[in-house]
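I have placed the structure first, in the form of structure tokens, so that the comments after it can refer back to it.
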Amino acid sequence: MIREFSLGEVWFLVLALRWTILLTLVAFFGGAIGGLAVAVLRVAKSSALRGAATVYIKVLQGTPLLMQLYLVYFGASLLGLATNAWVAAALALTLYASAFLGEIWRGCIQAIPRVQWEGAQALALGHFLQLRLVILPQALRIAIPPTVGFLVQLLKGTSLASIIGFTELTRAAQMVNNATFRPFATYALVAVLYFVLCWPLSMSSRHLERRLDREGMAAPRVGTVAANT
Amino acid sequence: MSYVFQFSTVWRELDHLLLGAWLTLRLSALAMALGLAVGIAGAQVKASSSRILRGVVQGYVEAIRNTPFLVQLLLIYLGLPSLGLRLTPDQAALVAMVVNLGAYATEIVRAGIEAVPKGQIEAGRSLGLKPWHIFRFVVLMPALRTVFPALGSQFILVMLASSVVSVISAEELTAVADTIIARNFRSFEFYFVITGIYLAMSLGFQALFAAIDHALFARWADRA
């Protein structure tokens with residue numbers, strides 16, 4: 001029995017957006033905490049800490065997101081933890097986001113002129129306080145456009161969670177397609193739904209970047225974050 | 001924990017995995033070459049005077065950049081047959097990768113072309129060069145030189161994204177591993193090892209692109 005592709009199916013897909021958005025937000029906030037730690041380690045005084053953070057970034061940026069999802073998903077079950085697609089997807093995407101955000105934010109921290117560090121040092125602040133009180137507040141401003149840009153990449157990346165069985169938008173599309181056998185209508189609608197979420201973010205990222213450019217505060221161009229999933 | 005890792009099963013299948021890696025390299029290299037061609041064509045259209053053509057290319061770029069690769073792939077593989085275009089998994093995978101990379105490459109190459117000073121083109125004209133020669137030697141080559149590092153990163157991202165085409169069983173490294181895992185259920189071991197292979201391939205590409213950059217563009221020392 002083949003179901004019709006009707007308003008009910010459209011509504012089912014629109015509702016599935018909740019899980020895409022929720023997964024994106026969880027991974028983004030988890031990734032922001034991890035990314036801040038990675039960025040701070042990348043500019044640490046100890047070369048061992050810097051090296052560890054560099055390896056972490058290289059490995060996560062140099063391997064497919066799908067493999068990261070698989071390793072967390074199957075790895076968690078080997079450790080005897082419940083194999084839950086939702087937890088595995090959230091954890092893998094958090095690790096992924098922390099590497100990319102860490103690298104983006106390192107670029108922003110290093111874009112702050114050297115004299116700002118020296119000025120803070122002249123005030124007798126230690127390394128950590130120089131970073132927290134003087135450097136990070138300034139880096140935050142130039143970090144916003146590339147961070148919003150990465151949010152688009154992360155949102156698109158959540159579609160891979162469908163492959164390990166987490167029911168978000170792409171997985172919901174599979175279900176609708178199996179029931180209605182209308183693949184073109186289903187996936188075209190899903191593409192439109194992703195576009196509706198991503199496009200405003202992309203536009204605002206570009207807008208913010210141009211505004212910083214006009215003010216003469218060029219955001220660092222992070223080549224590896226050209227965004228693709 | 002009662003699980004015993006068995007990496008020896010991976011070694012037994014190593015020749016299959018290396019064949020899979022070769023398929024991934026071949027698929028990615030083809031997608032890079034064709035995607036760059038699409039990107040150059042797209043960038044040229046965006047520099048043209050026709051508003052309609054510019055709008056079409058802009059629509060293509062925005063549509064691709066704001067939707068997931070997996071959805072693009074499924075739309076091409078599952079959706080196009082209902083419009084009368086049936087592709088094999090391998091063809092669909094290549095088309096999806098080229099269409100995806102083409103959009104990003106269009107933006108990257110366009111940025112490079114915009115960075116070429118207008119005076120250079122006028123100088124080319126005053127030397128009596130043909131328009132095609134001006135485009136090739138005065139605009140395109142310097143533009144590619146400027147954006148080569150960004151292109152290289154994008155190429156590597158496409159190679160990594162190619163693991164996703166295993167969902168439609170196109171032939172590449174992840175799909176080869178999936179087939180073996182369906183027989184022996186050693187998911188973690190196999191995915192762990194092929195993750196290492198992917199890492200080696202992306203580091204290899206990085207080194208390769210740095211070498212190409214050096215060999216082709218080193219004589220122009222003044223990169224913008």
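First to last, the protein sequences are chains U and H.
Each residue of the first sequence is one higher than the one before, counting from 1 in this note's numbering.
Each residue of the second sequence is one higher than the one before, counting from 1 in this note's numbering.
The C-beta atom is built at its ideal place from N, Cα and C for all residues, glycine as well.
Per the Cβ contact rule, the segment 40-56 of chain U is not in contact with the segment 137-146 of chain U (fewer than 3 Cβ pairs under 8 Å). Per DSSP, reduced to three states, the secondary structure at Val4 of chain H is coil, with no helix or strand assignment.
Taking a contact as a CB-CB distance under 8 Å, the pair Ala170 of chain H and Ala93 of chain H counts as one, their CB atoms being some 4 Å apart. For Gly75 of chain U, the nearest beta carbon of chain H is closer than 8 Å to its own beta carbon. Close partners of Phe217 of chain H in chain U (Cβ separation under 9 Å) are lacking, with about 15 Å as the shortest Cβ gap. Within chain U, the residues Leu78 have their CB atoms less than 7 Å from the CB of Tyr3 of chain H, given in chain order. In the three-state scheme derived from DSSP, where H, G and I count as helix and E and B as strand, Leu127 of chain H is classed as coil. Sorting U:Ala188, U:Leu212, U:Thr20, U:Thr170 by C-alpha distance to the C-alpha of Ala63 of chain H places U:Ala188 at the top. Leaving aside the five residues that flank Leu53 of chain H on each side, the residues in its chain whose CB is nearer than 6 Å to its CB run, in chain order, Val45. Taking C-beta atoms as the reference points, Arg106 of chain U and Ala39 of chain U count as a pair closer than 8 Å. Of U:Phe12, U:Ala16, U:Glu9, U:Leu78, the smallest CA-CA separation from Phe192 of chain H is found for U:Leu78. Pairing Gly35 of chain H with Val165 of chain H gives a Cβ-Cβ distance that is not under 8 Å. If you check the CB distance, Leu193 of chain U and Leu208 of chain U do not come in under 8 Å.
With a beta-carbon spacing of about 10 Å, Thr158 of chain U and Leu25 of chain U fall beyond the 8 Å limit used to define contacts.
As the crow flies, the alpha-carbon of Val152 of chain U is around 28 Å from that of Asn178 of chain U. Looking at the backbone, the Cα of Ser82 of chain H and that of Phe184 of chain U are separated by about 7 Å. In this structure, DSSP gives Pro81 of chain H a helical state, which the three-state scheme calls helix. No Cβ of chain U is located within less than 8 Å of the beta carbon of Phe7 of chain H. In this structure, DSSP gives Arg182 of chain U a state outside helix and strand, which the three-state scheme calls coil.
DSSP, reduced to helix, strand and coil, places Thr88 of chain H outside both helices and strands of the structure shown, so it counts as coil. Distance from the Cα of Leu95 of chain U is smallest, within the candidate group U:Thr20, U:Arg3, U:Asn84, U:Val59, for U:Val59. Here DSSP, grouped into helix, strand and coil, assigns Lys45 of chain U to coil. In the structure shown, Glu215 of chain U adopts coil according to DSSP, grouped into three states. Taking all protein chains shown into account, Ser8 of chain H has fewer than 16 neighbouring C-beta atoms within 10 Å of its C-beta and is therefore exposed. If you compare the alpha carbons of U:Glu103, U:Tyr73, U:Ala172, U:Arg210 with that of Arg50 of chain U, the shortest gap goes to U:Glu103. The Cβ of Thr146 of chain H sits no closer than 8 Å to any Cβ of chain U.
Within chain H, Ser163, Thr174, Tyr191, Ile194, Thr195, Tyr198 have C-beta atoms less than 8 Å from the C-beta of Met67 of chain U, given in sequence order. In the three-state scheme derived from DSSP, where H, G and I count as helix and E and B as strand, Ser162 of chain H is classed as helix. In the three-state DSSP reduction, Val176 of chain H falls in the helix class (H, G or I). With a beta-carbon spacing of about 13 Å, Gly152 of chain H and Val109 of chain H fall beyond the 8 Å limit used to define contacts.
In this model, Ala111 of chain H and Pro117 of chain H are separated by some 12 Å (Cα to Cα).
Neighbours of Leu71 of chain U in chain H, taken as residues at a C-beta separation under 8 Å, are given in chain order as Phe188, Tyr191, Phe192, Thr195. Residue H:Phe209 holds the alpha-carbon nearest to the alpha-carbon of Leu144 of chain H among H:Asn66, H:Val10, H:Gln72, H:Phe209.
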